[in-house]
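So in the numbering used here, spot 6 of the sequence shown is number 38, and the numbers just go up one at a time.
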Amino acid sequence: MARYKDTKSVKNSTHAKFDQLLKPGKKPNFPGIYKCQQCGLEDVINKECESLPPCAKCQKKPHEWKLLVVPEEPPKQQTGFKNFIANLFPK
Ligand SMILES: [Zn+2]
């Protein structure tokens, strides 16, 4: 089971992307930690990954991956007049 310490940096989500089952060889839709639904092994998949690897424990047994934890991009800089003014006169 994935663990974390900083509860302020991880939040719960009910998004459908966490429900999708993907077979090894399929392109992952998101980088993150994936969990093998056969044995429970968790593996990190980075954003350059083009196809999910087979689970190191299950190898040739039929198995699927499910997204467990996904990283979040920092919020984008706001643009517009309000932000322009805010940058001119920082607090
Ligand atoms: Zn497995």
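Even glycine gets a Cβ: it sits at the ideal position worked out from N, Cα and C.
All of these numbers come straight from a predicted model, not from anything done at the bench.
(request) Can you tell me which of the three DSSP states L84 falls into? (result) Within the sequence shown, the letter at position 52 stands for residue 84. L84 sits in coil when the DSSP states are folded into three classes, being neither helix nor strand.
(request) Using a Cβ cut-off of 8 angstroms (strictly closer), state whether P86 contacts chain D. (result) Reference to chain D is not applicable here, since this structure consists of a single protein chain.
(request) Give the single residue among E105, E104, S41, L54 whose Cα lies nearest to the Cα of P86. (result) Position 54 of the sequence shown, counted from the first residue, corresponds to residue 86. It is L54.
(message) Just to confirm my understanding: we take V76, look at its own chain, exclude 5 residues before and 5 after, and list those with CB closer than 7 angstroms. What are they?
(response) Position 44 of the sequence shown, counted from the start, is the residue given in the question as residue 76. In the same chain as V76, and ignoring 5 residues on each side of it, the C-beta atoms closer than 7 angstroms to its own belong to I65, in chain order.
(request) Under the assumption that L100 contacts K58 (Cβ atoms under 8 angstroms), give the Cβ distance between them as a whole number of angstroms. (result) Mapped onto the sequence shown, residue 100 falls at position 68. Mapped onto the sequence shown, residue 58 falls at position 26. Not quite, the Cβ-Cβ distance comes to about 16 angstroms (not below 8 angstroms), so this is no contact.
(request) Mind checking who I77 pairs with in its DSSP beta bridge? (result) Start at 1 with the first residue of the sequence shown, and residue 77 comes out as number 45. Assignment of beta-bridge partners to I77 by DSSP yields G64.
(message) Quick check on K98: does DSSP put it in helix, strand or coil?
(response) What you label residue 98 is simply residue 66 of the sequence shown in a count that begins at 1. In the three-state reduction of the DSSP assignment, K98 falls in the strand class, which pools E and B.
(request) Might you give, ordered along the chain, the residues of its own chain that have their beta carbon closer than 6 angstroms to the beta carbon of F50, omitting 5 neighbours on each side? (result) Residue 50 sits at position 18 when you count from the first residue of the sequence shown. Only L99 meet the Cβ criterion.
(request) Answer yes or no: do L84 and P60 have a C-beta to C-beta separation smaller than 8 angstroms? (result) Sequence index remark: in the sequence shown, residue 84 carries index 52 (1-based). Sequence index remark: in the sequence shown, residue 60 carries index 28 (1-based). Against a cut-off of 8 angstroms, the Cβ pair of P60 and L84 comes out as a contact.
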